[in-house]
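Just so we're aligned, residue 341 is where the sequence shown starts under my numbering, counting upward by one. Beta carbons: idealized from backbone N, C-alpha and C, even for Gly. If you're wondering where the values come from, they're calculated on a predicted model, not measured in any experiment.
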Amino acid sequence: MKWTRAAIAAIVLLLLCAPAVTAQESEEGEISAAFAFHFNQSLVPYADVAERASYIELLRMLRSLEPTPFVLHISGTLLLEWQWSGSEALRLVKDGIAAGQFEILGSTFAQNIIYSIESERDNQFQISLHREILREILGVEPVGFWNPERVWDPGLVDLIARNGYAYTFIETPILSQSGVESSRLRRLHRVSDDSHSLYLVADDLDFRNAINRRDPVSAVSYLRVLNRRDPDDSCLVVYAEDAEATGLWDLEAGLSPRAAVDNLRRVLVRLIEEPQVRIVKIADFIAEKEAAADEAGTVADQIGTVTGQPRWMISPSVALGYADWFDYNAHSPDLAYFRELYSDVSAEIARVEALLENADLSAARQLVKHARQTLAIAQYEFAAVGAGGRGDAMWELARTALVPAFTAEVAVNGISDNPLELDVNRDGVDELIVVDGDDFYVFSPIGAKLLYWFDLSTGDEIVGSENGFYYGERFVNDSTYVPGLYFHRPLWPWLKESADLGDLSEKEYVVRRRVGNDVLIGDSGLAFDIVDLHYRAAVDHRCVTFSAEHQGMRIVKRYEFSETGLSLWYELANLPDEAVAWQVQNGFAPSYYHLLRAGQAALEVEVHDNCVVIRNTATGLTIELQKPSDAEVIVNRSMRYGQAVDLIIPFADQSSARFEIGLRASYEGDGDHE
C-alpha cells in the first residue's frame, strides 16, 4: 500500500496532538523498536539486479552500524541464487551473523502464501526446506517466522509452532480488526491451539510508512509518542519491509538506488542516537518480555478467531474485479488452475513416496527430495496479487517435478516398456524414455534433444537444470529452447537504461539448457530455426534415431547406448550453400540437487584436445564430453544452474557432414551423494 506524504504527516500530527498524557505516562523509559528486512527473489537473473541496486549497499550500511542489531529474512530461493553466484550480499549476511548483529528469520522456502496452498504436505515441506537451507548455508536455527504476505489465519498457529518457531508477525490492522485496543496493539500476544502456542508480533504499518518517508524527525516523533504511552516498556514497534524498497524500487522508478540507502541510514543513525529508543532483536525482546505477553483468555482469544488479509493486496485485488484478496484467492481462475496442477504433482510425488516406505533405496529417496524441491521452487509467491498467472513459466514449471518423481519410481520398480513413450512432465509433448543400465534418459522429439539424464544408482541429475527461468517468461513446453537472455532482450523491460546496472546491461544468462540444441551457422550468422524442429523417432536395439527435414536439408541424430556411455551421431545432408558450420549447444548439471546448494564454485571445467571435462567437486560426479577433433569449444559460464558447453563443427564438405559427440559420466574421489 502506498501512503502519500500528507497522509504520513497526518498520522504523526494525530499522535502529537493526542490528549495530554497522564503522570504515569510521562515517566519516559525506552521504547523498543526492531527493523526487519525481507530479501526475496526466485531463481532468476533479476536477483543480480536486486543485489546491485539494493542488497549489497543496504547490507553494507547495516553492517556499518554494528553493534546495532537488525532482523533479516532471506527466502530460500534467493539463498540458492546467492550461493550459486558467490554473492557479496551472502558474505555480508554471514559476517553479520558471526558478529551477533543479525537475527535471521525462517519462512516458507519460496514465499508462497500458506493460506492459499491447500496441501498441508506442501506447506510443511516449504517450511522444513527453508529451515534446512538456512542451516546448511547460514548455520542458523531461527525462532522467528516471516509469514509470507501477512495473510493470517488461526490455523497457522500449529503449523508454524510445531516447526520450532516461537513467534510470527501480524499486521496492526488485523489486530485492530480482532478487537485489540490501540494501546495494546504493539504488545506481545500469545495465541495457542490444543498443543502449541505462538507469539504474535505486530507489524506496524504506520511505523513502516513513517520510516519510508526517510525523515528522521517523523520517525523519532512517532516513537516518542508511543514511548509516552508505554509506561511498562512492554511494547515493541516493528518496521518490516522489503529490502528492495531501499534501492531496487528506486531504480525501477528511474531514481538513484544509492540515495535511498543514504536516506535510510540518516533515519537509523538518528534513532540509534535517540535516548528514548532502543533497537533490538525480536528474539531478545521476547525472551525479555514474554511474561508480560497478553495471554489466552484476554485479547489473544480474540486474535485466535480472526482471519485477516494484508492491506497492500486489497487494492490490486479490487482492480482485478474482486471484493478483496480473499475473494481473489477464492475465485481467481488462474489460482484454481495452479492449485489443481500443484495438487496433481504433489499427489504423484506422494504416490511414489509410498512405494519407498519399505524400501532401502537412498537413490530413490534422493529423487523424491529432488521432486519435492522442484515443486516448492515453482510455488514461488503463489497467490500474491500480480505475481503470476496461467502460462507463466514461474508456476508452470511445477510439472517438471514429475520427472524425478517418475525416475524414483523406476529406481524402485524398474520400467515396464523400454523405451517408453510418455508425456512424463505433462506438458503436452510425448517424450521418449530410455533406461540403459543405471542411466535414465528423457529425449524430446522437439529438437531431438536430451532433456534429462539421471543416474539411478545415486539419484543424481546429470542433465536437466529445470528450475531456472526469468520473470515474465511464458511457458510453451519443457522442450522449447530458451535462447541467451540479455537486458531488454527480453529481460527486465520495465527498467530504463541506467549506469547503476553496470555490466548487467551486457551480461548473458542461460537457463534450462539441455543437450543437443542445434544451430546452423551461415555466412550471415546464426540460424536458430532448426533448434526446435519436430523429429520422427525410430527405436532399435540400444539406439534411438531421430530424423527431420528442413528446407531441403536432411538431419539425422542417432543416440547409441553402450556400457561406456552415450554417443550422439549427426548425419547431415543437402546442407545449404551458405552453411559454414554446425553449432551444438549443451548444458550439464552434474549432481544438480547438490549443485544448487554448493554453487557454481563447485564446478570445474577442463578443455582437452579431444574432450571437455565437467566435474562437480562436491560429489565427484564427472562428465566427459568427447568432441570431434576439429570442433571449436565454447565454455559458457553464464548458465543457471549448470555448465554450458557449445561445440562448433566446421563443414569440410558443403553438402554433407557426419560427426560424433560422446557423453560419459563417472564418479571420482569420495564425493557426497547423500
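If you draw a straight line from the C-alpha of residue i to the C-alpha of residue j, how long is it?
| i | j | result |
| --- | --- | --- |
| G426 | F809 | 19 Å |
| S996 | N914 | 6 Å |
| N552 | V497 | 30 Å |
| L608 | G862 | 60 Å |
| I396 | S596 | 15 Å |
| G1002 | P968 | 9 Å |
| A632 | E521 | 16 Å |
| G471 | F991 | It should be pointed out that residue 471 corresponds to Arg in this sequence rather than to Gly. Computed Cα separation, rounded: 53 Å. |
| A727 | D533 | 32 Å |
| V774 | N758 | 6 Å |
| S574 | H529 | 11 Å |
| L760 | L737 | 22 Å |
| R392 | D840 | 8 Å |
| R679 | E688 | 14 Å |
| H881 | R998 | 21 Å |
| S902 | P916 | 33 Å |
| L906 | I963 | 11 Å |
| A636 | Y677 | Residue confidence is low: A636 scores 46 on pLDDT, short of 50, so the model does not pin down where it sits. No coordinate-derived value is stated. |
| Q451 | L478 | 18 Å |
| D700 | V945 | 34 Å |
| Y1007 | K629 | 54 Å |
| G1009 | R854 | 26 Å |
| G812 | G594 | 20 Å |
Identify whether residue i lies in helix, strand or coil by the three-state DSSP scheme.
| i | result |
| --- | --- |
| A376 | strand |
| V294 | One cannot answer for residue 294 here, as it falls past the ends of the chain, which runs 341 to 1014. |
| G1009 | coil |
| E964 | strand |
| T508 | strand |
| Y562 | helix |
| P830 | strand |
| E889 | strand |
| S838 | coil |
| G416 | helix |
| V769 | coil |
| L660 | coil |
| K621 | coil |
| N452 | coil |
| S366 | With a pLDDT of 40 at S366, under the threshold of 50, the modelled position of this residue cannot be trusted, and the question is left open. |
| W793 | strand |
| L742 | helix |
Going by C-alpha to C-alpha distance, which of the options sits closest to residue i?
| i | options | result |
| --- | --- | --- |
| Y720 | V411, D664, P488, R564 | P488 |
| G980 | V769, I551, P930 | According to the sequence displayed, residue 980 carries Arg and not Gly. Checked all of V769, I551, P930; the closest Cα to R980 is P930. |
| D388 | F794, L588, R527, V411 | L588 |
| I988 | D970, S978, A1005, N976 | D970 |
| L563 | L943, L604, L611, L591 | L611 |
| D572 | D533, R526, P494, R530 | R526 |
| F928 | A1005, V483, V920, I689 | A1005 |
| Y932 | C951, G777, T957, A921 | T957 |
| E918 | E972, L860, L961, R937 | L860 |
| D869 | E889, V851, R852 | E889 |
| L681 | G731, A704, S838, T885 | G731 |
| N817 | Q940, K836, P830, S784 | S784 |
| L515 | L499, W922, I500, P494 | P494 |
Can you find a C-beta in chain D that's less than 8 Å from the C-beta of residue i?
| i | result |
| --- | --- |
| I551 | Absent here is chain D; the protein component of the structure consists of one chain. |
Can you tell me where the alpha helix (DSSP H) with residue i in it begins and where it stops?
| i | result |
| --- | --- |
| Y811 | Unbroken run through Y811: none, as it is neither H nor E. |
| Y668 | 665-671 |
Terminal residues of the continuous beta strand (DSSP E) containing residue i?
| i | result |
| --- | --- |
| N926 | 919-928 |
| F442 | 442-445 |
| A867 | 865-867 |
| A580 | 576-582 |
| P990 | 983-990 |
| H529 | 529-532 |
| L825 | Element bounds for L825: n/a, residue is neither H nor E. |
| E911 | 905-913 |
| Y933 | Counting along the chain, Y933 falls outside any beta strand (DSSP E), though it belongs to the alpha helix (DSSP H) covering 932-938. |
| G862 | 857-862 |
How do the region 819-835 and the region 901-911 stand: do at least 3 beta-carbon pairs fall below 8 Å, yes or no?
-> no
How about the region 455-475 and the region 707-717: do they share at least three Cβ pairs that are nearer than 8 Å?
-> yes
Are the region 882-902 and the region 830-846 touching, with three or more C-beta to C-beta distances below 8 Å?
-> no
Does the region 544-558 come close enough to the region 599-606 to have 3 or more Cβ pairs within less than 8 Å?
-> yes
Contact between the region 718-737 and the region 748-755: three or more CB pairs below 8 Å?
-> no
Are the region 616-629 and the region 371-382 touching by the rule of at least three beta carbon pairs closer than 8 Å?
-> yes
Three-pair Cβ contact test at 8 Å for the region 703-714 versus the region 738-748 | yes
Three CB pairs or more closer than 8 Å across the region 793-811 and the region 775-783 = yes
Hey, is the region 437-445 in contact with the region 401-415, meaning 3+ C-beta pairs nearer than 8 Å?
-> Yes, since at least three Cβ pairs between the region 437-445 and the region 401-415 fall closer than 8 Å, the two stretches touch.
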